[in-house]
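Structure first, commentary second.
Numbering (my numbering), first residue to last: 262 to 751.
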């Protein structure tokens, strides 16, 4: 009798939960629009957001202020939580409070930003306020968008992080002669769980673009991009880079403008070079699916260098390649130390590219991003030197980035696309480690109390399934891919 009663209670609970979810879904639009003007309601009704497999998809469209308002209103809670985590992290790692970053952003970034991006940030603030989050202004959001430039390049007391493993391939390197690009992001687990927004931007001016971003960012930062002019872009950050020009234009402004307005590798490079401040110094992997050409832009402050090809590949693992960049700018790294994460991953990429040359496609790329072979240990063992990075298992830590032994950080996602998918503005995305190993915060902190300072924000980080995301209501640019320059291999 007792079991029967419990079954009835469980059935009733399931019914109530289901009914609640249905009611929430039915009521949410009305609740979301409460307190908005007719114009603001019209803006929000043009936007779309949903959650899937660990990601938050956000479609925004219109003029800059409208786009910002949609972002700020629909993601207000997430933006607030992320700024709270980032400011806590920065206080511990840089010994600077949030006011320092606000002041720096107000002096160095805001005056140099184009009106369209100022308006977008103002829109984010206005949207957040209408959603009930009142404590931020446009300078807060500018500092938030530019904190990487400020914390790791403007401040001389911290080490410029690396972050990311990636490759781009074309011609005889791929199965069909077209472009394949793959990328994973490496950062601290404590805040990377919030780097889960698939931002689908449809501005009135310039190209359509889709990327992965923090909530409330006007750019990606990860950076994995597709634009409607046929460009695919990823980056890996140069480890040990030293250099910053406070008179320059912030990286978040330049990369957003480049993807919004560039339609070729040449125009992408030109926009990225204009006003280069040395912040977030990256090796940019760029492909043009209209022509099949790929390029690697090593965007140093003093010695930028561009490689390009129609046949072959480029890889990234946070290792500067040009001799002058190594000698004069990315000086905080030993390029002969094979215990180093960037060097170990670079060596592994070269082996895998040779093994899979001519066979690279999206399925192969997914497998490579899950690779656990450690070139220093000469064994399959997840560590800082594996493409699917797990610094939490590594007694060496990642000293190039200031990470101690067993630091809670590593590869937190994976994204893959090819020319055909990119022509539809589609890509494969996975949140969490590609290898399926989750990060569990409680047992980690019990084993490593030296990282207890992260406890307020260090949470479990599961591995979610692969998902395909597509720009909303986007008509294919497939004709671009079948131009005379893009003949697939027979």
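All C-beta atoms, glycine included, are put in the ideal place defined by N, C-alpha and C.
### Task
Use the C-beta contact count for residue 671: other C-beta atoms within 10 angstroms, 16 or more gives buried, fewer gives exposed.
buried
### Message
For residue 303, count the other beta carbons within 10 Å of its own beta carbon; 16 or more makes it buried, fewer makes it exposed. Which is it?
### Response
exposed
### Cα-Cα separation between residue 734 and residue 663, rounded to whole angstroms
Taking the straight line joining both Cα atoms gives about 44 Å.
### Message
Using a 10 Å radius around the Cβ and a threshold of 16 neighbouring Cβ atoms, would you call residue 389 buried or exposed?
### Response
buried
### Message
Taking its Cβ as the centre, do 16 or more other Cβ atoms sit within 10 Å of residue 615, making it buried, or is it exposed?
### Response
So residue 615 ends up on the exposed side.
### Task
Could you pull out every residue in the same chain whose Cβ sits closer than 8 Å to the Cβ of residue 719, ignoring the five residues on either side in sequence?
Taking residue 719 as the centre and dropping the five residues before and after it, the same chain places the C-beta of 450, 451, 669, 702, 705, 706 and 712 closer than 8 Å to its C-beta, in chain order.
### Message
Taking 6 Å as the limit between beta carbons, can you name the residues of its chain near residue 700, skipping five residues before and five after?
### Response
450 and 722
### Message
Can you check which of these residues, 665, 698, 592 and 689, is closest to residue 643 by C-alpha distance?
### Response
Relative to residue 643, the option among 665, 698, 592 and 689 whose CA is nearest is 698.
### Task
Within its chain, find whatever has a CB closer than 6 Å to the CB of residue 431; leave out the 5 residues flanking it on each side and keep chain order.
The residues are 440, 553 and 555.
### Query
Cα separation between residue 292 and residue 375?
Legend: pLDDT at residue 292 = 43, less than 50; position of this residue unreliable, value from coordinates given subsequently. Rounded to the nearest angstrom, the two C-alpha atoms are 34 Å apart.
### Message
My output table needs one value for residue 567: the three-state DSSP class, helix, strand or coil.
### Response
strand
### Query
Can you pull the DSSP bridge partners for residue 321?
462
### Query
If you pair each beta-carbon of the region 537 to 545 with each one of the region 402 to 419, do three or more pairs fall below 8 Å?
yes
### Task
Please name the residue in 508, 604, 350 and 522 whose C-alpha comes closest to that of residue 424.
604
#### Entry: Reduced DSSP secondary structure (H/G/I, E/B, other) of residue 382
helix
### Task
Report yes or no: do the region 334 to 351 and the region 452 to 460 share at least 3 C-beta pairs separated by less than 8 Å?
yes
### Task
For residue 324, I'd like the list of residues in its chain whose CB is within less than 7 Å of its CB, leaving aside the five on either flank, ordered along the chain.
465
### Task
Please confirm whether residue 210 and residue 459 have their CB atoms less than 8 Å apart.
This structure does not reach residue 210, given that the chain is present from 262 up to 751, and the question cannot be answered.
### Query
Per DSSP, residue 544 is paired with what?
497 and 559
### Task
Look up residue 720 in the DSSP assignment and say whether it is helix, strand or coil.
coil
### Query
Along the chain, where does the alpha helix (DSSP H) that runs through residue 400 open and close?
399 to 406
### Task
Find the nearest neighbour of residue 570 within the set 587, 549 and 564, judged by alpha-carbon distance.
The candidate whose alpha carbon is nearest that of residue 570 is 549.
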